[in-house]
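Protein chains in written order, with this note's numbering: chain P, 2 to 497; chain S, 2 to 497. Every residue gets a Cβ at the ideal spot worked out from N, C-alpha and C, and that includes glycine. The structure appears right after this line, and notes come after that.
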């Protein structure tokens with residue numbers, strides 16, 4: 002503000018000279034340089050700029066070049082021009098609050114070093130992503146794609162992928178569907194969000210309303226007494242109350258279903274306790290849905306990984322009009338791909354697509370085509386088979402290590418999936434998790450997955466056993482042995 | 002139900018024989034065949050199945066094979082087994098309501114034939130997607146990716162892309178930021194959803210509530226009197242009321258901003274009318290945001306495509322703490338890629354990431370890495386330059402065709418973007434759109450973009466001019482000439 006235009010002209014002139022002499026477009030270079038000078042604070046707000054002719058002479062450029070540059074920066078809002086008061090730096094161009102300069106690439110702080118041994122559940126072995134097969138499928142998909150692929154997409158997802166999935170899910174998971182009922186999304190959480198947003202009637206027919214009220218899956222929702230806290234949180238944020246169902250050796254006790262109109266289950270492999278939902282319970286929950294107009298959400302999060310016998314088929318196969326089947330590639334390939342699917346009863350297809358929005362395909366169309374190719378070329382099956390062998394061998398090593406070093410610790414839920422549950426003596430869970438942390442092991446206690454209302458829920462005096470949830474998929478192959486060794490050392494000693 | 006097991010055994014036996022003789026795993030083949038028979042209705046609900054030994058003898062397989070198969074299907078819920086009453090087909094296995102068979106790939110109905118000439122706004126030339134460059138970037142990204150890429154991701158998006166964007170947006174759009182304030186999303190609509198979901202305080206500190214209430218961008222939101230109906234609908238669905246700001250030749254009249262706490266603008270190229278927001282208005286809206294604690298949402302939907310001079314810089318550069326800059330590759334590359342970004346004031350980064358959800362990266366991580374490579378290798382700039390030339394030449398052809406065949410029709414908004422506005426004589430818009438439809442041309446009338454409350458809004462007696470919004474990017478290169486010819490024929494004749 003106090004600076005006269007003479008000083009600023011001299012400063013600008015000397016600053017800019019070198020750059021301008023090299024620039025092919027002097028006008029563009031001058032604009033950039035002035036913008037930078039304002040941004041960087043060298044030209045303070047309110048500073049009056051030199052008249053065209055002075056700066057032009059100083060820099061050895063035409064007067065029009067300076068006039069053009071000023072006009073451009075006025076148009077962009079960096080400078081202001083008022084009759085009689087000349088051109089000034091605008092008042093509002095503030096530097097970034099933290100003082101960082103826009104053009105200097107700022108490195109984010111280095112990632113906090115992860116645990117030495119990562120035995121958390123939930124992610125596959127990141128080193129096993131089938132890069133070569135995926136790239137081959139991606140290349141084929143991209144080369145064969147018709148031009149319309151790059152235009153606006155179908156909110157249901159690409160037909161190529163929906164066809165491949167309808168065939169694959171029937172074959173591998175006993176799902177009964179056709180491509181018109183498959184809706185592609187970006188993963189399980191996205192599916193949940195869509196189901197709780199989807200209105201029964203199209204938007205045009207109803208008044209604007211908060212998205213918490215949804216006719217597809219209504220509040221409250223019954224859930225298993227143990228499950229992912231992340232899912233409960235997501236539901237709570239959407240305004241949905243969850244009511245826990247007690248669990249026993251046959252899975253969730255669906256006979257306790259009351260006035261709820263929806264239930265979320267993990268029938269293939271209860272998460273995290275590990276058993277399949279018993280056949281009678283499967284029948285019963287479908288009967289309940291039919292009798293009460295309810296809907297079953299089937300979270301088939303790791304249905305491909307079953308070690309002891311043929312995969313347990315999907316509950317969806319029992320009644321495709323009452324069960325919404327939800328799956329993704331997050332366990333089978335990688336969460337980085339961000340592709341999932343819903344298999345819907347016919348009457349829900351329209352509302353879910355309306356909730357998705359016509360202009361938002363959400364999942365990368367090229368990745369959709371790549372996955373369709375991966376499935377129909379057989380590469381997906383080959384990858385799943387390879388990973389099943391790898392995870393089974395890891396599970397076997399875990400069981401063997403415990404048998405040898407901690408025979409008093411029971412291992413359960415190991416017939417399938419990427420994690421096991423270690424039952425601990427009563428009262429030892431918290432101290433064991435702490436001991437594991439001291440040894441650089443990241444893992445979760447069973448209590449972390451328990452629904453907050455699991456005990457209070459009327460009539461459900463469910464025991465809260467002590468235990469650890471051990472994910473055996475995450476460590477890379479060479480690090481797994483050391484992780485097991487550390488784990489065994491962290492376990493409580495045999496009683497007595 | 003009426004069928005005896007003898008009959009069903011014979012039918013099953015004869016049906017299955019051929020397949021079993023080829024199958025490498027007879028047990029698996031038997032399970033599949035029985036499941037299919039139940040699904041397809043050949044074995045009706047309630048039908049009693051033959052005893053193990055009968056079917057085994059019939060099929061020439063071991064008794065255990067049949068026993069295993071029955072047990073598996075009981076576990077899956079297809080069959081029921083009760084002491085003393087044998088094994089029966091479960092009551093609840095219904096065929097798909099529309100009678101379609103799960104394994105027969107059902108083709109979706111053929112796409113309704115599109116218009117002969119597609120002059121709708123909103124999408125780039127789908128035939129111009131840079132397949133070779135994109136694949137090269139994707140391959141490099143995939144080959145160089147560290148393993149952690151395939152594990153759980155950062156909800157903000159990959160750092161490689163955020164760094165590339167911070168640099169690119171500063172250079173190309175005058176955006177002031179650093180990678181820590183860039184959040185990757187799947188496009189503009191996703192950004193809007195996140196902004197209206199993001200709570201001021203973390204979820205743990207507040208009671209469950211419907212998502213319509215958001216402290217980042219509060220209801221009501223001021224919008225331009227003309228804009229995408231799709232955006233207004235999305236906001237209405239989220240429970241957000243929109244208040245129209247009148248438009249004139251300087252863009253939105255931001256002096257009309259009242260008690261709103263947020264405003265959504267298209268400053269680089271008003272959509273759809275086509276002018277840039279005037280420098281004084283840019284300053285004024287930032288002043289308003291500072292004085293009233295408001296926030297400006299800057300929708301930079303086609304900022305790269307400016308033909309007549311250097312790009313108009315982003316309003317965000319005037320005050321990065323008051324403006325949220327939103328962009329995507331939907332116009333520059335393709336909506337199929339589903340990648341967009343928000344550049345946020347520092348205080349909003351945490352809430353937006355919380356709304357995104359820790360486990361949901363939403364946008365394909367591999368595509369993020371590919372785009373980062375495309376930008377930093379210079380391929381993105383080359384593609385944008387090539388497309389700028391192509392679209393400019395199309396614009397020139399449109400202007401020339403109109404000058405020759407319909408000199409009475411004024412063309413406006415052509416200094417930038419992928420569409421133009423043709424002003425029509427009063428009262429002729431509706432009939433002209435109809436005439437265009439008859440000629441196989443798809444395009445929109447200006448009225449389609451007008452806010453329903455544009456006229457009623459207190460103090461805004463905005464005129465409602467007749468006009469057409471003509472998108473010139475969508476037709477492929479060889480089809481463009483014919484589209485222009487058809488368009489000129491559909492226009493109303495010169496008055497008098």
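**Asked** According to DSSP, what are the bridge partners of residue 151 of chain P?
**Response** Per DSSP, none; premise fails for residue 151 of chain P.
**Message:** Helix, strand or coil for residue 397 of chain S? Go by DSSP, reduced to three states.
**Reply:** Helix at residue 397 of chain S.
**Request:** Quick one: which residues of the stretch 471-486 of chain S get their C-beta closer than 8 Å to a C-beta of chain P? List them in chain order.
**Result:** Within the stretch 471-486 of chain S, those residues whose Cβ lies closer than 8 Å to any Cβ of chain P are, in chain order, 475, 477.
**Message:** So that I know if they touch, is there some Cβ in chain S lying closer than 9 Å to that of residue 211 of chain P?
**Reply:** In this prediction, residue 211 of chain P scores a pLDDT of 41, lower than 50, which makes its location untrustworthy; the coordinate-derived value is nonetheless stated afterwards. Cβ-Cβ to chain S under 9 Å: yes for residue 211 of chain P.
**Span of the alpha helix (DSSP H), counted from its first residue to its last, around residue 441 of chain P** = That residue, residue 441 of chain P, is in no alpha helix (DSSP H); it is neither H nor E in DSSP.
**Asked** Quick one: Cα of residue 244 of chain S to Cα of residue 228 of chain S, how far?
**Response** Residue 244 of chain S and residue 228 of chain S have their C-alpha atoms roughly 12 Å apart.
**Prompt:** Between the stretch 288-296 of chain S and the stretch 320-334 of chain S, do three or more beta carbon pairs fall short of 8 Å?
**Reply:** Result yes; three or more Cβ-Cβ pairs closer than 8 Å.
**Top-ranked residue by Cα proximity to residue 1 of chain P, from P/41, P/414, P/378, P/263** = As displayed, chain P neither begins before 2 nor continues past 497, which places residue 1 of chain P out of reach and without an answer.
**9 Å Cβ cutoff met for residue 364 of chain P and residue 139 of chain P** = At the C-beta level, residue 364 of chain P and residue 139 of chain P stay beyond 9 Å of one another.
**Prompt:** If you measure from the beta carbon of residue 150 of chain S to each beta carbon in chain P, is any gap under 9 Å?
**Reply:** With 9 Å as the cut-off, residue 150 of chain S counts as an interface residue toward chain P.
**Request:** Report the three-state DSSP secondary structure of residue 479 of chain P (helix, strand or coil).
**Result:** Three-state result, residue 479 of chain P: helix.
**Prompt:** At which residues does the alpha helix (DSSP H) containing residue 197 of chain P begin and terminate?
**Reply:** Residues 189-198.
**Message:** Counting only C-beta atoms, is residue 231 of chain S closer than 9 Å to chain P at any point?
**Reply:** Yes, residue 231 of chain S lies at the interface with chain P (some Cβ there is under 9 Å from its Cβ).
**Request:** Name, going along the chain, the residues of the stretch 44-68 of chain P whose beta-carbon falls closer than 7 Å to a beta-carbon of chain S.
**Result:** So the list is empty, because no residue satisfies the distance condition.
**Prompt:** What residues in its chain sit with their C-beta under 6 Å from that of residue 142 of chain S, if we drop five residues either side in the sequence?
**Reply:** Correct list, in chain order: 370, 371, 374.
**Request:** Using a Cβ cut-off of 9 Å, pull out every chain P residue sitting near residue 154 of chain S, in sequence order please.
**Result:** Residues of chain P passing the Cβ test: 336, 337, 339.
**Asked** Between residue 353 of chain P and chain A, is there a C-beta pair that is closer than 9 Å?
**Response** No chain A is present in this structure, whose protein chains are P and S.
**Request:** Rank S/133, S/233, S/485 by C-alpha distance to the C-alpha of residue 404 of chain S and give the top, closest one.
**Result:** That would be S/485, whose Cα lies nearest to the Cα of residue 404 of chain S.
**Item:** Alpha-carbon spacing of residue 487 of chain S relative to residue 439 of chain S, whole angstroms
**Value:** Spanning the two alpha carbons is a distance of roughly 10 Å.
**Request:** Only counting runs of 3 or more residues, tell me where the beta strand (DSSP E) segments fall wholly within the stretch 29-94 of chain S, in order along the chain.
**Result:** As far as the stretch 29-94 of chain S is concerned, its whole beta strand (DSSP E) runs of at least 3 residues are 80-83, 87-90.
**Asked** Out of curiosity, what's the CA-to-CA distance linking residue 221 of chain P and residue 290 of chain P?
**Response** Their Cα atoms are separated by approximately 15 Å.
**Contained beta strand (DSSP E) runs [length at least 3] in the stretch 362-439 of chain S, N- to C-terminal order** = Listed in chain order, they are 411-413, 420-424.
**Completely contained beta strand (DSSP E) runs for the stretch 211-248 of chain P, where each covers 3 or more residues** = Taking only runs of at least 3 residues, the beta strand (DSSP E) segments lying wholly in the stretch 211-248 of chain P are 222-225, 243-246.
**Request:** In the DSSP assignment, find the unbroken beta strand (DSSP E) run with residue 344 of chain P in it and report its ends.
**Result:** Per DSSP, the continuous beta strand (DSSP E) segment holding residue 344 of chain P begins and ends at 341-344.
**Asked** Quick one: does residue 416 of chain S have its CB under 9 Å from some CB of chain P?
**Response** Chain P, which has no Cβ nearer than 9 Å to the Cβ of residue 416 of chain S, makes this no.
**Message:** Can you check which of these residues, S/118, S/128, S/250, S/168, is closest to residue 464 of chain S by C-alpha distance?
**Reply:** Taking each of S/118, S/128, S/250, S/168 in turn and checking the Cα distance to residue 464 of chain S, the smallest one comes out for S/250.
**Prompt:** Whose CA, out of P/331, P/416, P/489, P/467, lies closest to the CA of residue 153 of chain S?
**Reply:** With distances taken between Cα atoms, residue 153 of chain S lies closest to P/331.
**Touch test, the stretch 378-397 of chain S against the stretch 267-277 of chain S, Cβ-Cβ under 8 Å, three pairs minimum** = At 8 Å Cβ cutoff, the stretches do not touch.
**Request:** Closer than 7 Å by C-beta to residue 402 of chain S: which residues in its own chain qualify, once you throw out the five before and the five after it? Chain order, please.
**Result:** Excluding positions up to five away in sequence, the list reads 485, 489.
**Request:** For residue 365 of chain S, return the contacting residues in chain P, with the cut-off set at a CB-CB distance below 7 Å.
**Result:** Within chain P, the residues near residue 365 of chain S are 338, 339, 365, 368.
**Message:** Am I right that residue 122 of chain P and residue 434 of chain P are in contact with their C-beta atoms under 8 Å? What's the rounded C-beta distance?
**Reply:** For a cut-off of 8 Å, the C-beta gap from residue 122 of chain P to residue 434 of chain P is around 13 Å, too long to register as a contact.
**Message:** So residue 75 of chain S contacts chain P; which residues on that side make the cut at Cβ distance below 7 Å?
**Reply:** Within chain P, the residues near residue 75 of chain S are 280.
**Item:** Close beta carbons around residue 89 of chain S, own chain, < 7 Å, minus the five adjacent residues each side
**Value:** The residues 47, 48, 49, 50, 80, 81, in chain order, have a CB closer than 7 Å to that of residue 89 of chain S in the same chain once the five nearest residues on each side in sequence are set aside.
**Message:** Tell me which residue opens and which closes the beta strand (DSSP E) that residue 329 of chain S is part of.
**Reply:** Where residue 329 of chain S is concerned, the enclosing beta strand (DSSP E) starts and stops at 324-329.
**Message:** Please report the distance separating the alpha-carbon of residue 255 of chain S from that of residue 292 of chain S.
**Reply:** Approximately 13 Å, taken between the alpha carbons.
**Message:** In the DSSP output, which residue or residues are listed as bridge partners for residue 1 of chain S?
**Reply:** Residue 1 of chain S cannot be examined here, being either before or after the span of chain S that is shown, 2 to 497.
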